[in-house]
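Enquirer:
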Amino acid sequence: MDSSNGRDYDSLDVAVVGAGPAGLCLARRLAGTDASFAVFERNGDVGGVWDIDAPGSPMYESAHFISSKTLSGFPGFPMPDRYPDYPNHRQILDYIRSYADRFDLRRHIQFECGVLHAALDADGSWKLDLSDGKSVKARYLVCANGVTWEPHIVTWPGRFDGEIRHSVTYRDVGELAGRRVLVIGAGNSGVDTACDAAFAAEQAFLSVRRGYHFIPKHIFGTPSDVFAHDGPRVPHWLEVRAFGLMLRLVNGDLTRLGLPKPDHRVFESHPLMNTQILHYLSHGDCIAKPDVRSFDGPEVVFADGSRERIDLILTATGYHHASPYLDEGTLELSGGRPDLYLGMFARDHANLAVLGFVEFASAAYTNFDTMAELIVADATAPADSIVRRRFSDLKATHRPDLKGGHRYVSSERHANYVDVDAYLRALAEVKAHVLAGAALPPSARRPQRRVQLVGRRRSVVGR
34 MDSSNGRDYD SLDVAVVGAG PAGLCLARRL AGTDASFAVF ERNGDVGGVW
84 DIDAPGSPMY ESAHFISSKT LSGFPGFPMP DRYPDYPNHR QILDYIRSYA
134 DRFDLRRHIQ FECGVLHAAL DADGSWKLDL SDGKSVKARY LVCANGVTWE
184 PHIVTWPGRF DGEIRHSVTY RDVGELAGRR VLVIGAGNSG VDTACDAAFA
234 AEQAFLSVRR GYHFIPKHIF GTPSDVFAHD GPRVPHWLEV RAFGLMLRLV
284 NGDLTRLGLP KPDHRVFESH PLMNTQILHY LSHGDCIAKP DVRSFDGPEV
334 VFADGSRERI DLILTATGYH HASPYLDEGT LELSGGRPDL YLGMFARDHA
384 NLAVLGFVEF ASAAYTNFDT MAELIVADAT APADSIVRRR FSDLKATHRP
434 DLKGGHRYVS SERHANYVDV DAYLRALAEV KAHVLAGAAL PPSARRPQRR
484 VQLVGRRRSV VGR
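Mapping the sequence shown onto this note's numbering, position 202 (from 1) lands on 235, and the numbers just tick up by one.
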């Protein structure tokens, strides 16, 4: 294969799909090894979902990080001091591209070269068919294509005369001006979009199926994640009670705004880092509605029997975790999501891993780097090595508790949701076992830990 970055190869040790933040973490780790590798990126530059100009990007103009700049940077490469506490999407894109430049990662990336199909060849390696018409073989494949490219489309009974589309297509408030807009779904981007509609539309409505806990972005003037990170370690039961009490004191009874009462405790679903929506609800610029029952021409009928005339519906109903270039069944599913060892490794394929599919309430990039370290250890270990045998045994049989005592809400979104402290502890234990032969410890009592408040920016589904 004749590559655009000056490399010639027909086969690789490791192929990585996607040059977003996860793919870049892998590239940086792989660059420190002797492995031959390449990153295949269908777009013209790095950035993943943060590139609003990339075809199919779910980004919108009002998007900001929901974790602070202080704790959200790549290891060894903090965000600039000039950035605000919560950078906007253009600042994040600039930061990601600066990271790629700082560590000279672009030379490992094939731009405008998407993977159309990847399947196991007869010799056990992966054969990748590329969008430039060429093919390449790789001994090990890592899918880092992200989870917000394939929208989950929901339908309702009846006929709707207005415009309805998934929020992946939404870009800016100009689309909302002078219209009666309904946003369905109260995930972080759904609530952002509802705030945009409250500002720009004739009237905004937000349809939610369940109640949520709305967490402010600042506590005592400090970014919420920094406040939690720097606070004392407390038992799990105390953190839930204390933080739940604080939210009740700050936000009050949200049912007064038409929102359902949460059916779960704080930290049992992905946090909503947005209290701006409460401002708009309290001023009537946005009106909370229950779940949608059906459509009736120009009107939407809600579960409580109420009706509203609507011009535009934006469905913020989430995304499928998918790598569409893999054949169906390559990744075994559990609860509608891939069943991966440690949220990364295929259980049925010794040479297939995924980075970026596991979800947790914590800033992502530092954790991506930690996860990439373990993937690279597996990918670069000789096939007959003790390291590879240990990995293989664990993938087949080891199912550590990654939820840290939390009972997350029952939904597809939370099927593979993990507690970040329990997860990172499991990664450290597995690393010590496979690389140094340390015994895996038995299940321990739930440890004291710091509250974890925030997650990746595009936590969209609100169901």
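For each residue, glycine too, the CB sits at the ideal point set by N, CA and C.
Here the structure is a predicted model, which means the values were calculated and not measured.
1. If I follow the unbroken beta strand (DSSP E) through Y173, where does it start and stop?
2. DSSP three-state call for P323: helix, strand or coil?
3. Take the Cβ of G106 as the centre, count every other Cβ of all protein chains shown within 10 Å, and call the residue buried at 16 or more, exposed below.
4. Since F193 sits in a beta bridge, which residues does DSSP pair it with?
5. Just the C-alpha distance for F401 and T181, rounded to the nearest angstrom, thanks.
6. Touching or not, the region 189-201 and the region 278-293, by the rule of three or more beta carbon pairs under 8 Å?
7. If you count every other CB in all the chains shown that lies within 10 Å of the CB of A87, and 16 or more means buried, which is it?
8. Starting from W270, trace the alpha helix (DSSP H) in both directions and tell me its first and last residue.
9. Just to confirm my understanding: we take A133, look at its own chain, exclude 5 residues before and 5 after, and list those with CB closer than 7 Å. What are they?
10. Quick one, which of Q309, G195, G166 and G264 has its alpha-carbon nearest A231's?
11. Keeping to the same chain, check which residues put their C-beta closer than 7 Å to that of L473; ignore five residues upstream and five downstream.
12. Nearest-angstrom Cα distance between I142 and H269?
13. Quick test of your reading: Y93 and R204, contact by CB under 8 Å. State the CB separation rounded to the nearest angstrom.
14. According to DSSP, what are the bridge partners of W159?
15. Residue ranges of each alpha helix (DSSP H) run of no fewer than 4 residues wholly in the region 394-446, ordered along the chain?
16. Would L239 pass as a contact of A48 if the rule is Cβ separation under 7 Å?
17. Does the distance from the CB of L290 to the CB of L314 come in under 7 Å?
18. Measuring CB atoms only, is the region 449-464 touching the region 215-227, in the sense that at least three cross pairs come out at less than 8 Å?
19. Would you grab the beta carbon distance between L427 and M404 for me? Rounded to a whole angstrom, and I think it's under 8 Å.
20. Between which two residues does the alpha helix (DSSP H) harbouring A455 extend?
21. Grab the span of the beta strand (DSSP E) containing R342 for me, first residue to last.
22. Could you tell me the alpha carbon to alpha carbon distance between H312 and F260, rounded to whole angstroms?
23. Give the DSSP-derived three-state secondary structure of F98 in the structure shown.
24. Starting from the C-beta of D165, find all residues in its chain whose C-beta is less than 7 Å away, skip the five residues before and the five after it, and write them out in chain order.
Expert: A quick look at the data gives this:
1. The count along the sequence shown starts at 1 and reaches residue 173 at position 140. Per DSSP, Y173 belongs to the beta strand (DSSP E) from S168 to C176.
2. Within the sequence shown, the letter at position 290 stands for residue 323. Note: P323 maps to coil in three-state DSSP.
3. Along the sequence shown, read from residue 1 onward, the residue named residue 106 stands at position 73. That one is buried.
4. The residue you call residue 193 lines up with position 160 of the sequence shown. Under DSSP, the beta-bridge partners assigned to F193 are G330.
5. Sequence index remark: in the sequence shown, residue 401 carries index 368 (1-based). Sequence index remark: in the sequence shown, residue 181 carries index 148 (1-based). Spanning the two alpha carbons is a distance of roughly 16 Å.
6. Not touching, per the Cβ criterion.
7. Here residue 87 refers to the residue found at position 54 of the sequence shown. Burial state of A87 is buried, judged by a 10 Å Cβ sphere holding 16 or more other Cβ atoms.
8. Residue numbering aside, residue 270 sits at position 237 when the sequence shown is read from its first letter. For W270, the enclosing alpha helix (DSSP H) starts and ends at H269 to N284.
9. Reading the sequence shown from its first residue, position 100 is the one you call residue 133. If you ignore the 5 residues before and after A133, its C-beta comes within less than 7 Å of the C-beta of L57, V79 and R139, all in its own chain and listed in chain order.
10. Locating residue 231 in the sequence shown gives position 198, counting from the first residue. Relative to the Cα of A231, the nearest Cα in the group Q309, G195, G166 and G264 belongs to Q309.
11. Here the question's residue 473 lines up with position 440 in the sequence shown. Answer for L473: E462 and H466, listed in chain order.
12. Taking the sequence shown and counting its residues from 1, one reaches residue 142 at position 109. Taking the sequence shown and counting its residues from 1, one reaches residue 269 at position 236. Pairing I142 with H269, the inter-Cα distance amounts to about 43 Å.
13. Within the sequence shown, numbered from 1, the residue matching residue 93 stands at position 60. Within the sequence shown, numbered from 1, the residue matching residue 204 stands at position 171. The beta-carbon distance between Y93 and R204, rounded to whole angstroms, is 5 Å. This is short enough to meet the 8 Å contact definition.
14. On the sequence shown, residue 159 is found 126 positions in, with the first residue counted as 1. L153 and A171, per the DSSP bridge assignment.
15. Whole alpha helix (DSSP H) segments, 4+ residues: 398-413 and 419-430.
16. The sequence position of residue 239 within the sequence shown is 206, counting from 1. The sequence position of residue 48 within the sequence shown is 15, counting from 1. With contacts defined by Cβ atoms closer than 7 Å, L239 and A48 do not form a contacting pair.
17. To locate residue 290, count along the sequence shown from 1; it is residue 257. To locate residue 314, count along the sequence shown from 1; it is residue 281. Yes, the Cβ-Cβ distance between L290 and L314 is below 7 Å.
18. Verdict: no, contact absent.
19. Within the sequence shown, numbered from 1, the residue matching residue 427 stands at position 394. Within the sequence shown, numbered from 1, the residue matching residue 404 stands at position 371. 15 Å between Cβ atoms; not a contact.
20. Position 422 of the sequence shown, counted from the first residue, corresponds to residue 455. Looking at the DSSP string, the run of the alpha helix (DSSP H) that includes A455 is V453 to A469.
21. For this step, residue 342 is matched to residue 309 along the sequence shown. In the DSSP assignment, R342 falls within the unbroken beta strand (DSSP E) covering R340 to R342.
22. On the sequence shown, residue 312 is found 279 positions in, with the first residue counted as 1. On the sequence shown, residue 260 is found 227 positions in, with the first residue counted as 1. Looking at the two C-alpha atoms, the distance is approximately 23 Å.
23. Reading the sequence shown from its first residue, position 65 is the one you call residue 98. Three-state result, F98: coil.
24. Numbered from its first residue, the sequence shown carries residue 165 at position 132. The residues are C146.
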